[in-house]
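**Student:** Pasting a structure here, questions to come.
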Amino acid sequence: MSSADYYHFDVVIVGAGHAGVEAALASARLGAKTALLTMSCDTVAAMSCNPAIGGVAKGQIVREIDALGGEMGRVIDATAIQFRMLNSSKGAAMHSPRAQADKKAYQFLMKWKTEQQEHLSLRQELVEGLETNDGKISGVRVSGNAVYRANAVILTTGTFLKAVMHTGENKTEGGRAGEKAAHGMSACLLNLGFELQRFKTGTPARINGRTIDFSRCRVQPGDPDPQPFSFLTERITQPQMDCYLTDTTAEVHELIRNNLHRAPMYSGQIESTGPRYCPSIEDKVVRFADKSSHQIFLEPEGRQTLEYYCNG
Numbered sequence: 327m328s329s330a331d332y333y334h335f336d337v338v339i340v341g342a343g344h345a346g347v348e349a350a351l352a353s354a355r356l357g358a359k360t361a362l363l364t365m366s367c368d369t370v371a372a373m374s375c376n377p378a379i380g381g382v383a384k385g386q387i388v389r390e391i392d393a394l395g396g397e398m399g400r401v402i403d404a405t406a407i408q409f410r411m412l413n414s415s416k417g418a419a420m421h422s423p424r425a426q427a428d429k430k431a432y433q434f435l436m437k438w439k440t441e442q443q444e445h446l447s448l449r450q451e452l453v454e455g456l457e458t459n460d461g462k463i464s465g466v467r468v469s470g471n472a473v474y475r476a477n478a479v480i481l482t483t484g485t486f487l488k489a490v491m492h493t494g495e496n497k498t499e500g501g502r503a504g505e506k507a508a509h510g511m512s513a514c515l516l517n518l519g520f521e522l523q524r525f526k527t528g529t530p531a532r533i534n535g536r537t538i539d540f541s542r543c544r545v546q547p548g549d550p551d552p553q554p555f556s557f558l559t560e561r562i563t564q565p566q567m568d569c570y571l572t573d574t575t576a577e578v579h580e581l582i583r584n585n586l587h588r589a590p591m592y593s594g595q596i597e598s599t600g601p602r603y604c605p606s607i608e609d610k611v612v613r614f615a616d617k618s619s620h621q622i623f624l625e626p627e628g629r630q631t632l633e634y635y636c637n638g
């Protein structure tokens, strides 16, 4: 291996999702020479699921990140299409800010922030494993056998390690629709003695706004005086977009119950642990069988798309 195959940094971050971007910016802003490695520079801070920031508990975390110098609050303030303060009728400790994002505007502004940051280098690499020396981390090895030397390595790999995707009865490898999984790092961690577990998350198919009968939905506007996430944002100036509210029906519930044997969560195809407060619609129909309907929020994914996210 020639000297050209080695790169030297203080800190290497593997994965450029929300956590990876914040870790990289924090490291670089403290003066550390930082490399942010991602399988695709076109998907930095991509919003793979619900294009929203904040919500109950999560909104408080975003403000804490902002107070510590993070970027998420400022970027969502600049790119959101709707702001709402949840639990506003309750005490102040329960107030939870939430913003619906223009998912592409958020993604590209956050990428721009990483590209402009001093001491930070954004690199497109597939990390195959960790490099160690006398039991201590010394860097990472990437596809093509180049090595990034570093005193510290931060793994923010999200859904990509040895990842499997389930679409109904179909099962394919991948960390996100249209993107491959990363296998090398999983094998490396096992070889180093780490225990690996598989978790489950899910996202619904998006729907075309041209197919929605909005006259049968209830309008859910944003707050008339939206409150920013960031302490550095003086006020929100961009126009807001409406979300819409509808409900499932008894016929929909019957259709779901009749096809539970085809759902990965109930066919035995998925045995992993999912997020506690984000059940799939088939899970809600089973767990809350006494309910004749469930609310569905129809949320636009951006200003220049007709895609809607079904939340609820």
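Its first residue numbered 327, the sequence shown is counted upward by one per residue in the working numbering. Using N, Cα and C, we set each Cβ at its ideal position, and we do this for glycine too.
Taking C-beta to C-beta, are L448 and T440 nearer than 8 angstroms?
**Tutor:** Yes, these two residues count as a Cβ contact at 8 angstroms.
**Student:** Could you tell me how far apart the beta carbons of T360 and V337 are, in whole angstroms, since I believe they sit closer than 8 angstroms?
**Tutor:** Indeed they touch by this definition, with Cβ atoms about 5 angstroms apart.
**Student:** Nearest to M428 by CA position, among D549, T405 and R410, is which residue?
**Tutor:** Reading off the sequence, residue 428 comes out as Asp, not Met. Closest by alpha carbon: T405.
**Student:** Between which two residues does the alpha helix (DSSP H) harbouring E608 extend?
**Tutor:** Looking at the DSSP string, the run of the alpha helix (DSSP H) that includes E608 is I607 to R613.
**Student:** May I have a chain-ordered list of the beta strand (DSSP E) segments no shorter than 3 residues that lie completely inside the region 419-502?
**Tutor:** Complete beta strand (DSSP E) runs here, min 3: 422-427, 446-450, 453-459, 462-468, 473-475, 478-481, 490-493 and 496-499.
**Student:** Note down the Cα distance separating T485 from P590, rounded to an integer number of angstroms.
**Tutor:** One C-alpha to the other measures close to 18 angstroms.
**Student:** Which residues mark the beginning and the end of the alpha helix (DSSP H) in which M591 is found?
**Tutor:** Unbroken alpha helix (DSSP H) run through M591: P590 to S593.
**Student:** According to DSSP, is E560 helix, strand or coil?
**Tutor:** DSSP places E560 in coil when its eight states are reduced to three.
**Student:** Determine contact between the region 535-544 and the region 364-380, defined as no fewer than three beta-carbon pairs at a distance below 8 angstroms.
**Tutor:** No, the region 535-544 does not touch the region 364-380.
**Student:** Check D336 in the structure and name its three-state DSSP category.
**Tutor:** D336: coil per DSSP, three-state reduction.
**Student:** What is the DSSP secondary structure of F540, reduced to helix, strand or coil?
**Tutor:** Looking at F540 - three-state DSSP - the assignment turns out to be helix.
**Student:** I562 and D460 look like a contact to me (Cβ under 8 angstroms); what is the Cβ gap, rounded to whole Å?
**Tutor:** Between D460 and I562 the Cβ distance is about 52 angstroms, and since that is not below 8 angstroms, they are no contact.
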